[in-house]
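Engineer:
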DNA sequence: ACGTTTGGCCCAAACGTTTGGGCAGCGGTC
DNA sequence: GACCGCTGCCCAAACGTTTGGGCCAAACGT
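Protein chains in written order, with the working numbering: chain A, 1 to 340; chain B, 341 to 680.
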């Protein structure tokens with residue numbers, strides 16, 4: 001644009017100045033260096049290239065998209081960008097997209113079906129080439145519908161149905177924490193399990209619970225409590241646990257922020273972290289290490305997930321067959337789960 | 341789109357089915373209800389409208405943009421979305437943009453001039469109608485150039501030069517904290533001042549320092565230390581303060597995350613928050629209240645800033661004269677600055 | 001009965017690209 | 001010297017909209 005500036009320079013403008021046809025200029029500026037057959041004479045190519053960047057030629061993406069019906073745009077839907085986990089994943093997506101010459105379009109759905117529907121429509125109306133969902137619900141009915149409609153997409157962070165997804169191996173992550181708690185001799189453990197529709201929470205909880213069951217210590221239902229993925233949700237859930245008669249000696253929160261909320265609750269209940277109750281989180285956000293009692297957490301490759309998500313989508317758009325990927329997590333032990 | 345799906349329905353398709361001309365259909369579907377002169381007969385309008393949404397007509401934005409050279413796209417640049425403050429502001433931007441029928445395009449610049457330049461180019465190449473910068477540097481040379489180029493933009497969060505900006509009244513925020521520390525009787529205070537190129541850090545620090553100077557207690561240079569805006573940066577800066585011989589009794593970090601990092605440092609130095617050293621942050625992020633020692637902080641209307649930013653930009657795009665806005669902050673006192 | 005207005009619609013150009021077909025001229029082969 | 005295959009370029013259509021202008025018929029005024 002440029003209200004005061006010169007009109008943007010077009011292929012036509014370049015062609016006119018050089019006495020060439022617009023199509024010739026188009027081919028020249030288009031041909032990737034490595035391409036096969038030469039498209040014009042050495043000299044012409046040179047002149048066109050020079051003039052193009054002397055004039056600062058920028059192809060008009062709308063014209064291109066109109067003509068080719070490819071927008072090089074990717075729509076990304078996340079529950080909320082103010083969730084550090086998703087924001088970090090999105091940073092990975094953006095980086096990788098830029099490497100592929102793609103631009104991304106991100107929208108918050110708040111994990112709310114109506115908003116998701118509305119935002120998806122908006123994004124689709126923009127004629128994106130494909131989508132990435134970071135907010136999948138395990139019941140994949142929405143996504144099934146979309147897939148049936150022929151929209152190419154991949155999932156990140158959460159899996160759903162058989163749709164291609166890049167996730168952390170959440171089940172394994174849960175097992176790692178369980179293993180650690182078992183090592184410490186904990187038998188009365190609790191889980192702050194996140195939202196029931198998110199595969200992350202489900203799988204992390206399942207891995208954790210399975211490992212304890214294998215150790216002969218099944219976790220009673222009332223010690224597994226759902227929550228939102230933020231500090232406040234973790235606080236509320238932990239209140240639930242600590243108001244009951246059956247105090248846990250260790251708590252696994254499936255998300256660092258929920259864990260921080262749990263720390264708040266523990267404080268409010270006059271208990272001491274580690275000494276009275278061990279706490280572990282998930283994702284190993286940068287905050288974990290800075291907390292007054294540093295937080296044990298499972299490191300998940302968030303940025304990497306974004307990268308892989310784009311890679312997967314790009315392959316999908318090329319028509320390749322793609323399969324889900326599961327990245328491996330790593331337990332980082334800190335003072336919040338020190339040996340009592 | 342829709343690999344398997346039907347071709348998207350166009351104006352032409354609707355026109356053909358109804359024996360009308362495409363231009364007629366265009367006008368009908370375009371006319372906002374409240375518009376003046378009728379554009380077609382009642383009956384025709386009805387038939388077109390009905391068929392359009394029966395077929396699920398979606399205007400092709402590329403064609404529209406090509407024709408009108410308006411994209412209804414806004415480019416947003418932020419240092420990093422994984423900074424909760426910016427992510428929250430962006431959520432506000434997105435909400436407000438959606439209300440105006442605009443879509444937003446966000447990119448991370450990492451506060452790095454080269455990346456900023458590159459991302460700006462990319463966004464401009466997409467022919468956005470306007471931009472919002474959340475990463476302005478006080479030396480506005482980059483923005484001056486852009487403005488000279490005729491690109492319409494506004495700033496949020498940080499101000500720079502005379503460019504229209506929506507900010508928090510950071511200076512006032514700094515004063516509020518100073519006032520509070522003075523009330524508590526602190527005389528040896530320090531500031532973790534953020535990055536020297538960000539107006540937020542500068543103004544908050546200035547407000548704080550000015551108030552202390554007015555109270556006859558100028559703050560020595562060595563107790564004002566710069567830092568990045570994240571936990572690690574705050575930690576490092578605080579280490580600086582607490583490794584010296586001249587221990588402060590109160591620390592103002594211009595950002596909650598830096599404050600959290602300071603908490604980590606205080607812990608490492610065997611000091612107790614509040615009892616030994618008071619701490620205050622800025623932004624009142626949701627984490628502040630959950631910390632083991634809840635954090636005193638200045639609440640800034642982040643989401644609101646996003647809203648106002650879009651409003652300002654929209655007015656600017658309409659050609660109106662716009663002026664900067666400064667939203668008022670509020671001090672929230674918590675245990676981290678309890679009376680010793 | 002005859003000009004003039006109005007309602008309702010169509011025409012065509014334009015926005016900036018991409019791309020399948022051409023069509024000259026030129027160097028070589030038989 | 002007829003033929004072939006290049007090289008280097010041009011032509012024109014198409015993508016889906018928007019929009020200034022026009023045209024026809026009906027309604028209106030006197």
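Backbone N, C-alpha and C fix where the C-beta goes; we use that ideal spot for every residue, glycine too.
A quick note: this is a predicted structure, and the numbers were derived from the prediction, not measured.
Could you check whether the Cβ of residue 90 of chain A sits closer than 8 Å to any Cβ belonging to chain B?
Structural biologist: Taking Cβ atoms only, chain B reaches closer than 8 Å to residue 90 of chain A, which makes this a yes.
Engineer: Apply the 10 Å Cβ neighbour rule to residue 431 of chain B and answer buried if 16 or more other Cβ atoms are within range, or exposed otherwise.
Structural biologist: Buried.
Engineer: I'd like to check one pair, residue 622 of chain B with residue 602 of chain B: are the Cβ atoms closer than 8 Å?
Structural biologist: Cβ distance not < 8 Å, so residue 602 of chain B and residue 622 of chain B don't count as in contact.
Engineer: Here's the rule I'm using: 16 or more other beta-carbon atoms within 10 Å means buried, otherwise exposed. How should residue 417 of chain A be labelled?
Structural biologist: The structure shown does not extend to residue 417 of chain A, since chain A is modelled only from 1 through 340, so no value can be given for it.
Engineer: List the endpoints of the continuous beta strand (DSSP E) containing residue 103 of chain A.
Structural biologist: Unbroken beta strand (DSSP E) run through residue 103 of chain A: 103-108.
Engineer: Is residue 677 of chain B close to chain A? Criterion is C-beta to C-beta, closer than 8 Å.
Structural biologist: Cβ-Cβ to chain A under 8 Å: no for residue 677 of chain B.
Engineer: Is the shortest distance between the beta-carbon of residue 482 of chain B and the beta-carbons of chain A less than 8 Å?
Structural biologist: No - not a single Cβ of chain A is within 8 Å of the one on residue 482 of chain B.
Engineer: Measuring straight from C-alpha to C-alpha, what distance separates residue 422 of chain B and residue 93 of chain A?
Structural biologist: Answer to the nearest angstrom: the Cα atoms are 13 Å apart.
Engineer: Tell me the DSSP secondary structure of residue 556 of chain B in three-state form.
Structural biologist: It is coil, neither helix nor strand.
Engineer: Straight-line CA distance for residue 545 of chain B to residue 586 of chain B?
Structural biologist: Straight-line Cα distance between these residues: approximately 19 Å.
Engineer: Given this structure, state the Cα-to-Cα distance separating residue 167 of chain A from residue 157 of chain A, to the nearest angstrom.
Structural biologist: Answer to the nearest angstrom: the Cα atoms are 5 Å apart.
Engineer: Using a C-beta to C-beta distance shorter than 8 Å, which residues of chain A count as neighbours of residue 583 of chain B?
Structural biologist: None at all; the shortest Cβ gap to chain A is about 17 Å.
Engineer: From the beta carbon of residue 261 of chain A, is the nearest beta carbon of chain B less than 8 Å away?
Structural biologist: At least one chain B Cβ lies under 8 Å of residue 261 of chain A.
Engineer: Take residue 500 of chain B and list the residues in its own chain whose beta-carbon comes closer than 6 Å to its own, dropping the five residues that flank it on each side.
Structural biologist: 476, 478, 480, 483.
Engineer: Which residues, in chain order, does the stretch 276-289 of chain A contribute to contact with chain B at a C-beta distance below 8 Å?
Structural biologist: So the list reads 286, 287, 289, given in the order they occur along the chain.
Engineer: Taking 8 Å as the threshold (beta carbon to beta carbon), is residue 398 of chain B in contact with chain A?
Structural biologist: Residue 398 of chain B counts as touching chain A.
Engineer: Chain A partners of residue 633 of chain B, CB-CB under 9 Å?
Structural biologist: Result: 267, 292.
Engineer: Quick check on DSSP: helix, strand or coil for residue 582 of chain B?
Structural biologist: Looking at residue 582 of chain B - three-state DSSP - the assignment turns out to be helix.
Engineer: Could you give the DSSP three-state label for residue 44 of chain A: helix, strand or coil?
Structural biologist: It is helical.
Engineer: Let me check one thing: in DSSP terms, what residues is residue 280 of chain A bridge-paired to?
Structural biologist: Answer by DSSP bridge pairing, in chain order: A/252, A/296.
Engineer: Does the count of Cβ pairs from the stretch 213-223 of chain A and the stretch 175-191 of chain A closer than 8 Å reach three?
Structural biologist: Taking 8 Å as the limit for Cβ pairs, the verdict is that the stretch 175-191 of chain A does touch the stretch 213-223 of chain A.
Engineer: Does the beta-carbon of residue 562 of chain B have 16 or more other beta-carbons within 10 angstroms, so that it is buried, or is it exposed?
Structural biologist: Exposed, since its Cβ has fewer than 16 Cβ neighbours within 10 Å.
Engineer: Assign residue 370 of chain A to one of three DSSP states: helix, strand, or coil.
Structural biologist: No answer is possible for residue 370 of chain A: the residues shown for chain A start at 1 and end at 340.
Engineer: Using a C-beta to C-beta distance shorter than 7 Å, which residues of chain B count as neighbours of residue 94 of chain A?
Structural biologist: Correct list: 447, 448.
Engineer: Is the beta carbon of residue 152 of chain A less than 8 Å from the beta carbon of residue 317 of chain A?
Structural biologist: Yes; because the gap between Cβ atoms is below 8 Å, this pair is in contact.
Engineer: Using the DSSP secondary-structure output, state which residues sit across from residue 507 of chain B in a beta bridge.
Structural biologist: Its beta-bridge partners are B/666.
Engineer: What in chain B is Cβ-close to residue 65 of chain A, meaning under 7 Å?
Structural biologist: The contacting residues are 402.
Engineer: Would you list, in chain order, the members of the stretch 299-312 of chain A that have their beta-carbon closer than 8 Å to a beta-carbon of chain B?
Structural biologist: Cβ contacts with chain B come from no residue of the stretch 299-312 of chain A.
Engineer: Can you tell me which of the three DSSP states residue 571 of chain B falls into?
Structural biologist: Of the three classes helix, strand and coil, the one that applies to residue 571 of chain B here is helix, per DSSP.
Engineer: With DSSP run on the structure shown, which of helix, strand or coil describes residue 25 of chain A?
Structural biologist: Three-state result, residue 25 of chain A: helix.
Engineer: Where do the ends of the alpha helix (DSSP H) carrying residue 316 of chain A lie?
Structural biologist: 302-317 is the extent of the alpha helix (DSSP H) around residue 316 of chain A.
Engineer: Once you ignore the five residues that flank residue 110 of chain A on each side, which residues in its own chain have a CB closer than 7 Å to its CB?
Structural biologist: So the list reads 79, 80, once near-sequence residues are dropped.
Engineer: Counting only beta-carbon separations shorter than 8 Å, does residue 23 of chain A have a partner in chain B?
Structural biologist: By this cut-off, residue 23 of chain A is not an interface position.
Engineer: Pull the bridge partners of residue 78 of chain A from the DSSP assignment, please.
Structural biologist: According to DSSP, residue 78 of chain A bridges with A/108.
Engineer: Determine whether the Cβ of residue 343 of chain B lies closer than 8 Å to any Cβ atom of chain A.
Structural biologist: Reliability of the predicted coordinates at residue 343 of chain B is poor, the pLDDT of 40 falling under 50, and the value obtained from them is presented with this limitation in mind. At least one chain A Cβ lies under 8 Å of residue 343 of chain B.
Engineer: When the cut-off is 8 Å and only beta carbons count, does residue 575 of chain B lie next to chain A?
Structural biologist: It does; some Cβ of chain A falls within 8 Å.
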